[in-house]
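Position 5 (the sequence shown) corresponds to 172 in our numbering; numbering is contiguous.
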Amino acid sequence: MDLRAVFQSMDKDGDGRLSAAELALCVATTGAEFSLEDAEALVGVGGSLDFEAFEELAAAAAAEPSEEEGSDGELRAAFTVYEQEGEGGITPWSLRRTLSRLGERRDIDECRSMICSFDLDGDGVISFDEFRMMMMAVVVQSS
Numbered sequence: 168m169d170l171r172a173v174f175q176s177m178d179k180d181g182d183g184r185l186s187a188a189e190l191a192l193c194v195a196t197t198g199a200e201f202s203l204e205d206a207e208a209l210v211g212v213g214g215s216l217d218f219e220a221f222e223e224l225a226a227a228a229a230a231e232p233s234e235e236e237g238s239d240g241e242l243r244a245a246f247t248v249y250e251q252e253g254e255g256g257i258t259p260w261s262l263r264r265t266l267s268r269l270g271e272r273r274d275i276d277e278c279r280s281m282i283c284s285f286d287l288d289g290d291g292v293i294s295f296d297e298f299r300m301m302m303m304a305v306v307v308q309s310s
């Protein structure tokens, strides 16, 4: 897993640090419950995380697997809920359909934005590896 790429995708202003707002925004795109207050508790009010601190959190999260992280099989099952019709990845349209079935109405531009947050190769689709990194980011941020 390329933690630097995950970190950079979350660092919206490109300053090399993750603010509480950036953490909260990135986790919100995954649909997980993680408020600005949760993020501030992690980084401190007005604080931020540099890459090294983020790396330490990732190592701690990896050392203590949580129920949220689950096994690769569970991740694959979750991925297939969003990846529909054999598309090979989560597209804005498959994300929109799945969210709609879950009662969440999003327009296609919102779905594109959600995907863009974790689309590390820029192809407009979340691959399984990108999905795994996204879920790791959620686990790290909620640790």
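Each residue gets a CB set at the ideal place from its N, CA and C atoms; glycine is no exception.
Cβ-based neighbour list, Glu-222, same chain, cut-off 7 Å, excluding 5 preceding and 5 following: Correct list, in chain order: Leu-170.
For Phe-174 and Arg-299, the rounded distance between their alpha carbons: 14 Å
Straight-line Cα distance separating Leu-209 from Leu-203: 10 Å
Span of the beta strand (DSSP E) around Leu-209: Run containing Leu-209: none in the beta strand (DSSP E); it sits in the alpha helix (DSSP H), 203 to 210.
Alpha helix (DSSP H) segment containing Leu-185, residue limits: First-last for Leu-185: 184 to 186, but that is the beta strand (DSSP E), not the alpha helix (DSSP H).
Same chain only: Cβ atoms within 6 Å of Leu-216, ignoring 5 sequence neighbours per side: Within the same chain, Leu-216 has close Cβ partners Leu-185 and Val-210.
Endpoints, beta strand (DSSP E) assigned at Ser-294: That residue, Ser-294, is in no beta strand (DSSP E); it is neither H nor E in DSSP.
Delimiting residues of the alpha helix (DSSP H) encompassing Asp-217: Careful: Asp-217 lies outside any alpha helix (DSSP H), inside the beta strand (DSSP E) at 215 to 217.
Option nearest Glu-254 by Cα separation, candidates Ser-294, Gly-289 and Leu-190: Ser-294
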